[in-house]
Amino acid sequence: MCLFFTQRLKNQVQIIQTHSLYKHFGDTVAAHDISIHVNQGEIYGFLGLNGAGKTTLIRMLLGMIRPDSGTIQLFGQELHRRFDKWNEVGYLVETPYSYPQLTVLENLRVYYQLRQLKNQGLIDLVLEQLKLDKYRNIQAKALSLGNQQRLGLAKALLHRPPLLILDEPTNGLDPEGIVEVRNLLLDLAQSGSTILLSSHILSEISKVAHRIGIVHGGTLIQEMTAQELSGQLMRKLLVQTTDNAHALQLLHAAGYSAHENQDAEIEISNPDATRYPERVAALLMDSGAALRKLYVFSEDLEMYFLRTIRNTAQ
Ligand code: ATP
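3 is the number of the first residue of the sequence shown in the numbering used here; add one for each residue after it.
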């Protein structure tokens with residue numbers, strides 16, 4: 003009870019708040035009335051196609067560009083010239099920048115100095131966390147794309163900031179690296195860090211983000227929790243029989259909403275059909291329409307994402 007209450011209180015601290023952000027580049031609307039908040043310990047995923055406005059939001063959050071209008075607060079403090087909490091923020095924006103002639107270790111030492119850190123152990127820790135240890139003496143320019151991304155993340159994490167803002171953090175990583183970074187972010191959030199990240203891959207973001215904001219054409223078109231997302235995926239029962247015409251008659255007579263698709267499968271969209279496919283199987287078998295196949299189809303996340311965007315564009 004006490005732990006639950008403490009957790010609730012912790013989650014209610016808002017680390018990022020934006021209010022009605024607008025940003026135009028000429029005729030391009032890069033941000034239109036964007037209001038979001040991210041609580042402490044939360045991972046917020048900002049999802050959108052290329053050009054949707056993700057990097058623009060991230061650059062505004064980091065004070066790299068100014069919004070045309072609207073306000074941003076980090077740690078409850080308005081982002082303006084006198085904002086003094088940059089040491090509490092770690093970030094990775096677009097292509098991870100490093101000094102190409104310097105080794106991985108030297109690159110991290112530069113950041114160590116810049117951040118005026120006092121604990122040498124932080125460098126070893128981050129090298130280990132990002133599996134960069136064996137590359138410590140390799141020049142940054144000789145790193146693979148994935149390892150350059152790891153170095154970018156290492157710089158973002160070096161000073162153990164309570165807030166991480168990461169633009170496409172898994173860009174260029176191999177599947178193993180994606181899982182490692184995902185687990186690292188989940189661990190960091192578990193121990194109280196707050197993370198805002200962007201991606202154009204919904205299936206990826208849904209594995210790590212507690213809440214997801216879908217952005218399209220600079221507008222936040224949907225915001226939901228990871229659980230709400232899985233509840234919104236379209237499901238249907240697909241059936242093929244030796245006599246689809248007869249099967250359709252039976253299904254309609256039993257009150258199902260069904261039609262035949264171009265693959266000669268019957269699609270049944272009633273939630274009852276996906277919940278109790280055995281009832282549909284029994285109905286058809288009893289009537290002599292022999293089943294060839296019967297399975298529950300669940301829309302994948304990318305299909306959902308594209309459907310949502312298409313519906314909004316109409
Ligand atoms: P990507 O996944 O491709 O990085 P994104 O969602 O991060 O895309 P943004 O980089 O924020 O999208 O771009 C949003 C829109 O604003 C795009 O149409 C882009 O061309 C435009 N844009 C961004 N920065 C500038 C700029 N400095 N000058 C002109 N247009 C810009």
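Each residue gets a CB set at the ideal place from its N, CA and C atoms; glycine is no exception. Just so we're clear, the structure is a prediction, and the values are computed from it rather than from any experiment.
Test item: CB-CB of residue i and residue j under 7 angstroms
{"i": "G47", "j": "L199", "result": "yes"}
{"i": "L64", "j": "Y93", "result": "yes"}
{"i": "A1", "j": "L132", "result": "Residue 1 falls outside the range modelled here, since the chain spans only 3 to 316, and no answer is possible."}
{"i": "L240", "j": "Y306", "result": "no"}
{"i": "N185", "j": "Q151", "result": "no"}
{"i": "V95", "j": "D29", "result": "no"}
{"i": "I140", "j": "T105", "result": "yes"}
{"i": "L147", "j": "I125", "result": "no"}
{"i": "G55", "j": "V217", "result": "yes"}
{"i": "S208", "j": "A228", "result": "yes"}
{"i": "S201", "j": "L153", "result": "no"}
{"i": "D86", "j": "K25", "result": "no"}
{"i": "L321", "j": "D135", "result": "The question about residue 321 has no answer, for the chain in this structure spans 3 to 316."}
Residue i to residue j span [Cα, whole Å]
{"i": "M226", "j": "I45", "result": "12 angstroms"}
{"i": "L11", "j": "N41", "result": "Annotation note: pLDDT 48 at L11 (below 50); position unreliable, coordinate value reported separately. Whole-angstrom Cα-Cα distance: 10 angstroms."}
{"i": "V210", "j": "N246", "result": "42 angstroms"}
{"i": "K143", "j": "E108", "result": "13 angstroms"}
{"i": "F299", "j": "A292", "result": "20 angstroms"}
{"i": "A284", "j": "Y278", "result": "10 angstroms"}
{"i": "N149", "j": "L187", "result": "17 angstroms"}
{"i": "T314", "j": "R213", "result": "20 angstroms"}
{"i": "W88", "j": "S195", "result": "15 angstroms"}
{"i": "T244", "j": "T276", "result": "21 angstroms"}
{"i": "I311", "j": "V282", "result": "33 angstroms"}
{"i": "I74", "j": "S37", "result": "9 angstroms"}
{"i": "E262", "j": "I268", "result": "4 angstroms"}
{"i": "P273", "j": "L166", "result": "40 angstroms"}
{"i": "E80", "j": "T57", "result": "20 angstroms"}
{"i": "R294", "j": "E280", "result": "14 angstroms"}
{"i": "E182", "j": "S193", "result": "17 angstroms"}
{"i": "T8", "j": "Q14", "result": "Any reading at T8 must be qualified, since the residue scores a pLDDT of 49, below 50, and its modelled position is unreliable; the value itself is stated next. For T8 and Q14, the distance between alpha carbons rounds to 10 angstroms."}
{"i": "S259", "j": "R68", "result": "52 angstroms"}
{"i": "Y114", "j": "G53", "result": "33 angstroms"}
{"i": "G123", "j": "F77", "result": "27 angstroms"}
Three-state secondary structure assigned by DSSP to residue i
{"i": "E178", "result": "helix"}
{"i": "V241", "result": "strand"}
{"i": "D126", "result": "helix"}
{"i": "V106", "result": "helix"}
{"i": "T172", "result": "coil"}
{"i": "I203", "result": "coil"}
{"i": "H218", "result": "strand"}
{"i": "A291", "result": "coil"}
{"i": "Q79", "result": "strand"}
{"i": "R138", "result": "coil"}
{"i": "R2", "result": "This structure does not reach residue 2, given that the chain is present from 3 up to 316, and the question cannot be answered."}
{"i": "R117", "result": "coil"}
{"i": "S300", "result": "strand"}
{"i": "T310", "result": "helix"}
{"i": "G154", "result": "helix"}
{"i": "V15", "result": "coil"}
{"i": "G148", "result": "helix"}
{"i": "V91", "result": "strand"}
{"i": "F7", "result": "Confidence is the limiting factor: at F7 the pLDDT is only 45, short of 50, which leaves the residue's position unreliable and the question unanswerable from this model."}
{"i": "L188", "result": "helix"}
{"i": "L285", "result": "helix"}
{"i": "L132", "result": "coil"}
{"i": "L160", "result": "coil"}
{"i": "R213", "result": "strand"}
heavy atom of ligand 3 below 6 angstroms from residue i C-beta
{"i": "L190", "result": "Within the structure as shown, ligand 3 is missing, the only ligands being ligand 1."}
May I have a chain-ordered list of the alpha helix (DSSP H) segments no shorter than 4 residues that lie completely inside the segment 18-74? 56-63
4 or more residues per run - each alpha helix (DSSP H) lying fully within the segment 225-272: 228-234, 246-255
Check each residue's C-beta against every heavy atom of ligand 1 and list, in chain order, those closer than 6 angstroms. F27, T30, A32, G50, N52, G53, A54, G55, K56, T57, T58, H202
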